[in-house]
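Below: the structure, in structure tokens.
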Amino acid sequence: MSSDHRDASRQSSKPPESSDGGLLDRAGEIFLSVRELGPVARDEEIDRLCAGTIELKKLVLLLVRGDRAPLPVESLAEDIRAAYDARATTGDDIVEGGAHVRRSDRIGNYKILERIGEGGFGIVYMAEQERPVRRRVALKIIKLGMDTRQVVARFEAERQALALMDHPNIAKVFDAGATETGRPYFVMELVRGLPITEYCQRKKLSIRQRLVPVSQVCDALQHAHQKGIIHRDLKPPNILVAPYDDKPVPKVIDFGLAKA
């Protein structure tokens, strides 16, 4: 084999950059391409596609370990389209398998209480966990009617990014799973607070006083950076300040546009 041919082979095996240049997107693409393979073939293909890029392989393996959806992506897409076509116009409903899941209905072990937010590809609900402990949580579930292959990969990447975090100023992930039709969801700490700017305005904080929660957010971002995660959509609605033990604590709640 000529040196030119060897060089070309090495270049073709390198993981190409995604449209936004992020490893997280590439990890999602590899995850979807190996999802249906057996363990041995999957590991070999991951090694080949990652081409020695350790951080990329680590992200792919996190996605593989976190994959709990019982249906392949193609079947998931069909279920989502069927449910979307059958959906009524009730804005607060989740549609699952063509049937409405309203407040007080369940997703996994969680009873839906109310819709509290919406991101680029997920809807967030307040829910109640009854076992093994009783508590209120935030449940984020993938939206209907979107480009499923891309959205599922991004959604999986977000929940894995959050699961990597262990910091008092980043909302914690408690659980993850998939609905009966394979729609992934994850369950996280419910932060009952105000956006950081609104909190500072209501409390009429001085510049010096505002630096306290801002410095805590900076610590949280440094923690994320040390884990290889960069938050690309940091804004006041994604930083809530809530009381914990009678002290205001800012928490970063959304990593939907994070990248490694």
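Here the numbering used here is used: the first residue of the sequence shown is -13, the next is one more, and so on. Ideal Cβ positions, reconstructed from N, Cα and C, are used throughout, including at glycine.
Distance between Leu125 and Pro170 (C-alpha atoms, nearest Å): 11 Å
Would you please state the rounded distance, in angstroms, between the beta carbons of Gly14 and Leu48? I believe it to be under 8 Å. Not really, about 11 Å apart at Cβ, beyond 8 Å.
Return no unless some Cβ of chain C is closer than 8 Å to the Cβ of Gln115. In the structure shown, chain C cannot be found, because there is only a single protein chain.
At 3 residues or longer, and completely inside the region 105 to 159: list those beta strand (DSSP E) runs for me, N to C. 108 to 115, 121 to 128
Hey, quick one: how far does the alpha helix (DSSP H) through Ala27 stretch, first residue to last? 25 to 36
Hey, Ile177 and Phe160: beta-carbon distance below 8 Å or not? Just to set this straight, residue 177 is Val in the shown sequence, not Ile. Taking 8 Å as the Cβ cut-off, Val177 and Phe160 do not qualify as a contacting pair.
Any contact of the region 207 to 214 with the region 96 to 104, i.e. 3+ C-beta pairs under 8 Å? no
Cβ contact (3+ pairs, closer than 8 Å) linking the region 228 to 242 and the region 176 to 192: yes
Contact check, Leu9 vs Leu45 under 8 Å by CB: the rounded distance? 6 Å
Can you tell me which residues form a DSSP beta bridge with Tyr185? Answer is none; Tyr185 lacks a bridge partner.
8 Å contact criterion, which Pro234 and Val203 should meet: CB distance rounded: About 12 Å separates the two Cβ atoms, so there is no contact after all.
Per-residue burial, Asp152 [other beta carbons within 10 Å of its own, 16 or more giving buried]: exposed
Could you please give me the residues that DSSP links to Gly163 through a beta bridge? Tyr171
Since Ala210 sits in a beta bridge, which residues does DSSP pair it with? For Ala210, which the question treats as bridged, DSSP gives no partner whatsoever.
Whole angstroms are fine: how far does the CA of Pro25 sit from the CA of Cys36? 16 Å
Would you list the one or two residues that DSSP bridges to Pro229? Pro234
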